[in-house]
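In case it helps, full-length UniProt numbering puts the sequence shown at residues 1 to 231. First comes the structure, then the notes that go with it.
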Amino acid sequence: MNLSKIYLITYNLIQFAGWSYILLLLVQHAHQANWSSAAFEGVWEKVGTLVTYFQFAACNEVLHSVFGLVRTPASTTFVQVFSRVACVTLALFVPTIHNTWVLTLMLFSWSITEVIRYLFYALSLIDSVPYVLGWLRYTLFIVLYPSGVTGETGTIIYSLPYVEEKQLFYMTMPNSINFSFNTKYVLIGSLIFYVVGLPWLYTYMLGQRKRFIQTGGGKQQSSSSTQKKTQ
């Protein structure tokens with residue numbers, strides 16, 4: 001086993017452990033609220049710091065592509081990672097979204113997805129993926145992708161009034177570089193990528209699921225050598 005494989009196994013297991021703990025905290029928080037809307041209150045305070053650490057750590061996956069540790073194009077990985085980092089950044093700077101159902105939905109969708117995904121990748125590196133894990137990987141996305149996108153786009157939409165009111169990250173003219181930037185319009189424009197990207201990614205995963213079932217879960221179609229940062 002070479003050093004790159006050892007590194008990737010370690011990285012994926014650390015991410016698996018981190019997201020497992022985040023999921024545990026989310027479940028505990030929701031259980032204490034009797035799985036009611038009260039669970040929306042304080043959810044970011046409960047897991048926000050950990051989500052920030054582990055989601056920003058996923059930026060390493062862009063470097064994995066750049067340096068050839070995985071075969072996924074760096075551009076694809078960058079777009080997928082950036083969308084999540086952008087949502088975390090909004091949560092860090094927009095307090096009005098902290099107690100919303102969309103943020104809670106996003107965090108639950110992310111954590112369930114990542115627990116399965118990172119364990120799948122780690123075990124793929126040693127060719128030891130159990131069938132049930134592969135089945136979960138290629139089945140739960142049917143629900144988790146739409147719920148995750150709903151949470152992310154909802155988080156963006158709910159943040160718009162605050163972003164506009166506080167002119168968050170705005171750059172107005174005149175200035176020394178003769179450049180203006182309107183965060184609100186950028187966020188609105190980003191929603192187009194979700195409209196275009198979800199059908200493509202969903203179709204791709206449906207094809208992967210079909211192959212998985214047809215081969216009885218034999219050789220996994222998405223090993224960590226072809227890792228894709230999928231939601």
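Beta carbons: idealized from backbone N, C-alpha and C, even for Gly.
Can you have a look at residue i and say buried or exposed, based on whether 16 or more other CB atoms are within 10 angstroms of its CB?
{"i": "Lys-166", "result": "exposed"}
{"i": "Arg-117", "result": "buried"}
{"i": "Phe-212", "result": "buried"}
{"i": "Asn-2", "result": "exposed"}
{"i": "Ile-97", "result": "buried"}
{"i": "Gly-148", "result": "buried"}
{"i": "Ala-38", "result": "exposed"}
{"i": "residue 232", "result": "Because residue 232 is not part of the residues shown, which for the chain are 1 to 231, the question remains open."}
{"i": "Gly-151", "result": "buried"}
{"i": "Gln-28", "result": "exposed"}
{"i": "Ser-176", "result": "exposed"}
{"i": "Asn-12", "result": "buried"}
{"i": "Lys-210", "result": "exposed"}
Could you please give the first and the last residue of the uninterrupted alpha helix (DSSP H) stretch that includes residue i?
{"i": "Val-88", "result": "74-93"}
{"i": "Met-106", "result": "101-124"}
{"i": "His-31", "result": "3-32"}
{"i": "Gly-68", "result": "Careful: Gly-68 lies outside any alpha helix (DSSP H) and carries neither H nor E."}
{"i": "Ala-57", "result": "43-57"}
Tell me the DSSP bridge mates of residue i?
{"i": "Met-171", "result": "Phe-181"}
Just to confirm, are residue i and residue j a CB contact at a threshold of 8 Å?
{"i": "Trp-19", "j": "Ala-91", "result": "no"}
{"i": "Cys-59", "j": "Val-85", "result": "yes"}
{"i": "Gly-134", "j": "Gly-217", "result": "yes"}
{"i": "Ser-65", "j": "Thr-52", "result": "no"}
{"i": "Leu-119", "j": "Lys-5", "result": "no"}
{"i": "Tyr-140", "j": "Ile-112", "result": "Checking the sequence shown, residue 140 turns out to be Leu, not Tyr. For Leu-140 and Ile-112, yes; Cβs fall inside 8 Å."}
{"i": "Ser-190", "j": "Ile-157", "result": "no"}
{"i": "Tyr-202", "j": "Tyr-145", "result": "yes"}
{"i": "Val-62", "j": "Ile-22", "result": "no"}
{"i": "Val-88", "j": "Gln-55", "result": "yes"}
{"i": "Asn-99", "j": "Glu-41", "result": "yes"}
Alpha helix (DSSP H) runs contained entirely in the stretch 180-220, provided each spans 4 or more residues: 183-214
What are the uninterrupted segments assigned as alpha helix (DSSP H) that are 4 or more residues long and contained completely in the stretch 120-161, given in chain order? 131-137
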